[in-house]
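Peer 1: Quick one: structure below, then a few questions.
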Amino acid sequence: MSLLGAMLGVRARKAVDVSALTWEKLLGEPASKSGQTVSIDRALGVSVVFGCARAIAEGLAQMPLKLYREKDRGKEPARTHALYRLLAVQPNEWMTSFELVEALTLHTVLTGNGFAFINRVRGTVRELIPLVPNLVTVRRGPDYTLSYDVRDSAGGSITIPRENMLHLRGPSWNTYVGLDIVQQAREAIGLAMATEESHARLFSNGAQPGGILSTDVQLGDKAIERLKEQWRATFEGTANRFKTAVLDNGFKFHPLSMNGVDAQHLETRKHQIEDICRAFRVFPLMVMHADKTSTFASSEQFFLAHVVHTLEPWVRRWEMAIQRDLIGAAEEGFFAKFSMQSLLRGDHKTRAAFYGAGIKDGWLTRNEAREREDLDPLDGLDEPLRPLNMGPGNEPPPEDDGDEPKPDEREGD
Numbered sequence: 061m062s063l064l065g066a067m068l069g070v071r072a073r074k075a076v077d078v079s080a081l082t083w084e085k086l087l088g089e090p091a092s093k094s095g096q097t098v099s100i101d102r103a104l105g106v107s108v109v110f111g112c113a114r115a116i117a118e119g120l121a122q123m124p125l126k127l128y129r130e131k132d133r134g135k136e137p138a139r140t141h142a143l144y145r146l147l148a149v150q151p152n153e154w155m156t157s158f159e160l161v162e163a164l165t166l167h168t169v170l171t172g173n174g175f176a177f178i179n180r181v182r183g184t185v186r187e188l189i190p191l192v193p194n195l196v197t198v199r200r201g202p203d204y205t206l207s208y209d210v211r212d213s214a215g216g217s218i219t220i221p222r223e224n225m226l227h228l229r230g231p232s233w234n235t236y237v238g239l240d241i242v243q244q245a246r247e248a249i250g251l252a253m254a255t256e257e258s259h260a261r262l263f264s265n266g267a268q269p270g271g272i273l274s275t276d277v278q279l280g281d282k283a284i285e286r287l288k289e290q291w292r293a294t295f296e297g298t299a300n301r302f303k304t305a306v307l308d309n310g311f312k313f314h315p316l317s318m319n320g321v322d323a324q325h326l327e328t329r330k331h332q333i334e335d336i337c338r339a340f341r342v343f344p345l346m347v348m349h350a351d352k353t354s355t356f357a358s359s360e361q362f363f364l365a366h367v368v369h370t371l372e373p374w375v376r377r378w379e380m381a382i383q384r385d386l387i388g389a390a391e392e393g394f395f396a397k398f399s400m401q402s403l404l405r406g407d408h409k410t411r412a413a414f415y416g417a418g419i420k421d422g423w424l425t426r427n428e429a430r431e432r433e434d435l436d437p438l439d440g441l442d443e444p445l446r447p448l449n450m451g452p453g454n455e456p457p458p459e460d461d462g463d464e465p466k467p468d469e470r471e472g473d
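Numbering (this note's numbering), first residue to last: 61 to 473.
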């Protein structure tokens, strides 16, 4: 029995399940229409796929993740709770919180699912152990309860109940397993792989198309093959570009001109960047692909849009998964939250104007503004300020102290 099975106290069994043997798994990953086989490993070799996954995973991981306790008014960090350190600092012996969030998000973005085994000791969560998605099979029973079959290195399999698994799901069709984004976008990724390979072969030939050697002399098959090999060895490859060819025996070289398809390689590759970004819901600017319309003034708005439209849905997935799988209904009043303020902050001038307006209008205290800037609170700055000429509508007017003479009294004088 494996170590994971020993911790769970479950029965190990051989990982032979006929229902899991589909044609796709028997014959390998399906090929795209471009002829390229698109798997996770090969897709990660496409720079834009890796860039999209990193933009989301690193964006999530760089935001502080903390456990909070609800108060009558507001919230406070639940530092004494066992989950606080696991989520904010170190979820297991060898990983930091940053690394766990990054790894599980990377798994989910690419495969649709991220898994971490919840090791509980006498009901208390002690560590979170991430699992590779392709070793986990999600099963739903007739009563809609979920269980997870996990294969181990010994060739066996253990079944983990739902209460011992942190399951992060991406967009889902059947509601309990996320969609495999790489396979959903395999045509776009396959075409990117094909154009990249074609472009690489073009440059391996010195970025020059082939040509024809002609002569009036009759040559045998062996002479033709020997001539072709000598020509490749002398002139093919980027290192042999622009060498001078000396032809004898009446040989003439007729280069073939580059056709329109070859000339459009670069445009096709640009289009594939946008197409793949569309599948991952990532702005092309976030994978360092900028068009002519992007400027320094518009880049900040792109970054804010990335936070709102790309990262925030993943933030909500994480927070709700933690609430469901780690906190549960038994611990009311606790919740996990990512701090997104650092990503939503603008430049210094914009932040100063924002804080100034909030403090002057009374809806933001000075210590709350300091907290958003990661500064320690100061005594006497917890009370909201109120302009002298403004007050709540239900507050009675100030009482007359009798010092100021009434209008009728002034007239009598």
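All C-beta atoms, glycine included, are put in the ideal place defined by N, C-alpha and C.
Which of helix, strand or coil does DSSP assign to GLY238?
Peer 2: Reading the sequence shown from its first residue, position 178 is the one you call residue 238. GLY238: strand per DSSP, three-state reduction.
Peer 1: Assuming VAL368 and CYS112 make a contact with CB atoms under 8 Å, what is their CB distance in whole Å?
Peer 2: For the purposes of this step, residue 368 is taken as the residue at position 308 of the sequence shown. For the purposes of this step, residue 112 is taken as the residue at position 52 of the sequence shown. Rounded to whole angstroms, the Cβ separation of VAL368 and CYS112 is 17 Å, and the two are not in contact under 8 Å.
Peer 1: So, is SER213 buried or exposed, given that buried needs 16 or more other C-beta atoms within 10 angstroms?
Peer 2: Start at 1 with the first residue of the sequence shown, and residue 213 comes out as number 153. When all chains shown are included, SER213 counts as exposed.
Peer 1: In the DSSP assignment, find the beta strand (DSSP E) that holds ASP209 and state where it starts and stops.
Peer 2: As a first step, residue 209 must be located in the sequence shown, where it is residue number 149. Looking at the DSSP string, the run of the beta strand (DSSP E) that includes ASP209 is 206-211.
Peer 1: Taking the C-alpha atoms as reference points, what is the distance between GLY393 and THR184?
Peer 2: In the sequence shown, residue 393 corresponds to position 333, counting from 1. In the sequence shown, residue 184 corresponds to position 124, counting from 1. C-alpha separation (whole angstroms): 17 Å.
Peer 1: With DSSP as the reference, please indicate the residues paired to ILE387 in a beta bridge.
Peer 2: The count along the sequence shown starts at 1 and reaches residue 387 at position 327. Within the DSSP bridge table, the entry for ILE387 names no partner.
Peer 1: Between the Cα of GLU162 and those of GLU391, ALA117 and TRP378, spot the shortest distance and give me the residue it belongs to.
Peer 2: As a first step, residue 162 must be located in the sequence shown, where it is residue number 102. The residue with the shortest Cα to Cα distance from GLU162 is ALA117.
Peer 1: With a threshold of 7 Å on Cβ separation, who are the neighbours of VAL192 within its own chain once the five nearest residues in sequence on each side are excluded?
Peer 2: Here residue 192 refers to the residue found at position 132 when the sequence shown is read from its first residue. Closer than 7 Å at Cβ, skipping near neighbours: no residue.
Peer 1: Is it the case that the CB of GLU334 approaches a heavy atom of the ligand NAP more closely than 6 Å?
Peer 2: Among the components modelled here there is no ligand, and therefore nothing to report on the ligand NAP.
Peer 1: Taking just the CA atoms, how far does ARG430 sit from LYS135?
Peer 2: Numbered from its first residue, the sequence shown carries residue 135 at position 75. Numbered from its first residue, the sequence shown carries residue 430 at position 370. Cα to Cα, the separation comes out at about 17 Å.
Peer 1: Round the Cβ separation of LEU147 and LEU164 to the nearest angstrom and send it over; I've been treating them as touching at under 8 Å.
Peer 2: Translated into the one-based positions of the sequence shown, residue 147 becomes position 87. Translated into the one-based positions of the sequence shown, residue 164 becomes position 104. The pair is not a contact, with the Cβ atoms about 12 Å apart (cut-off 8 Å).
Peer 1: Apart from the five residues just before and just after LEU87, which ones in its own chain have a Cβ nearer than 6 Å to its Cβ?
Peer 2: Your numbering for residue 87 matches position 27 in the sequence shown. Residue placement at LEU87 is poorly supported in this model, since its pLDDT is 43, which falls under 50; the coordinates are not used for a value here.
Peer 1: Start and end of the beta strand (DSSP E) containing ASN173?
Peer 2: One-based indexing of the sequence shown puts residue 173 at position 113. Where ASN173 is concerned, the enclosing beta strand (DSSP E) stretches over 173-181.
Peer 1: For GLU433, which of helix, strand or coil comes out of DSSP?
Peer 2: Against the sequence shown, residue 433 aligns to sequence position 373. Per DSSP, reduced to three states, the secondary structure at GLU433 is coil, with no helix or strand assignment.
Peer 1: What residue range does the alpha helix (DSSP H) around GLU372 cover?
Peer 2: One-based indexing of the sequence shown puts residue 372 at position 312. Where GLU372 is concerned, the enclosing alpha helix (DSSP H) stretches over 372-382.
Peer 1: Under a Cβ-count criterion, where at least 16 other Cβ atoms within 10 Å of its own Cβ denotes burial, should ALA260 be classed as buried or exposed?
Peer 2: The count along the sequence shown starts at 1 and reaches residue 260 at position 200. The residue is exposed, with fewer than 16 neighbouring Cβ atoms inside 10 Å.
Peer 1: Take GLN244 and list the residues in its own chain whose beta-carbon comes closer than 8 Å to its own, dropping the five residues that flank it on each side.
Peer 2: As a working note, residue 244 is residue 184 in the sequence shown. Hits under 8 Å: ALA339.
Peer 1: Tell me where the beta strand (DSSP E) around LEU191 begins and ends.
Peer 2: Taking the first residue of the sequence shown as 1, we reach residue 191 at position 131. Here the beta strand (DSSP E) through LEU191 covers 184-191.
Peer 1: Give every residue of the same chain whose Cβ lies closer than 7 Å to the Cβ of SER157, excluding the five residues on either side of it in the sequence, and list them in chain order.
Peer 2: Locating residue 157 in the sequence shown gives position 97, where the first residue counts as 1. These residues qualify, in order along the chain: LEU125, LEU147, ALA148, VAL149, GLN150 and PRO151.
Peer 1: In the DSSP assignment, what are the bridge partners of MET225?
Peer 2: For the purposes of this step, residue 225 is identified with residue 165 of the sequence shown, where counting begins at 1. MET225 pairs with PHE177.
Peer 1: Are there 16 or more other CB atoms within 10 angstroms of the CB of PRO269, so buried, or fewer, so exposed?
Peer 2: By one-based count along the sequence shown, residue 269 stands at place 209. Its pLDDT being 49, under 50, PRO269 is placed unreliably in this model, and the value from its coordinates should be taken loosely. By the 10 Å Cβ count, PRO269 comes out exposed.
Peer 1: Within 10 angstroms of the Cβ of ARG384, are there 16 or more other Cβ atoms? Answer buried if so, exposed if not.
Peer 2: The count along the sequence shown starts at 1 and reaches residue 384 at position 324. Exposed: under 16 other Cβ atoms inside 10 Å.
Peer 1: Just grab the DSSP bridge partners of ARG200 for me.
Peer 2: For the purposes of this step, residue 200 is taken as the residue at position 140 of the sequence shown. Looking at the DSSP assignment, ARG200 forms a beta bridge with LEU206.
Peer 1: Would you tell me roughly how many angstroms separate the C-alpha atoms of LYS420 and PRO437, rounded to the nearest one?
Peer 2: The residue you call residue 420 lines up with position 360 of the sequence shown. The residue you call residue 437 lines up with position 377 of the sequence shown. Rounded to whole angstroms, LYS420 to PRO437 spans 18 Å at the Cα level.
Peer 1: With a threshold of 6 Å on Cβ separation, who are the neighbours of VAL375 within its own chain once the five nearest residues in sequence on each side are excluded?
Peer 2: Position 315 of the sequence shown, counted from the first residue, corresponds to residue 375. Contacts found: PHE398.
Peer 1: Could you please give the first and the last residue of the uninterrupted alpha helix (DSSP H) stretch that includes GLU118?
Peer 2: Along the sequence shown, read from residue 1 onward, the residue named residue 118 stands at position 58. Counting along the chain, the alpha helix (DSSP H) containing GLU118 begins and ends at 107-121.
Peer 1: Could you tell me whether the stretch 167-176 touches the stretch 98-112, where touching means 3 or more Cβ pairs closer than 8 Å?
Peer 2: yes
Peer 1: Between which residues of its own chain and ILE100 is the CB-CB distance below 8 Å, once the five residues before and five after are set aside?
Peer 2: Here residue 100 refers to the residue found at position 40 when the sequence shown is read from its first residue. Result list for ILE100: LEU170, THR171, ASN194 and VAL242, in chain order.
Peer 1: Ignore the nearest five residues each way along the sequence and tell me which others in ILE189's own chain have a CB closer than 7 Å to its CB.
Peer 2: Your numbering for residue 189 matches position 129 in the sequence shown. When the five nearest sequence neighbours on each side are left out, the beta carbons in the same chain lying within less than 7 Å of the beta carbon of ILE189 are those of ASN152, ALA176, PHE177 and ASN179, in order along the chain.
Peer 1: Alpha carbons only, please: which of TRP378, TYR415 and ALA417 is nearest the one belonging to GLY230?
Peer 2: As a working mapping, residue 230 is identified with position 170 in the sequence shown. Here the closest residue by C-alpha is TRP378.
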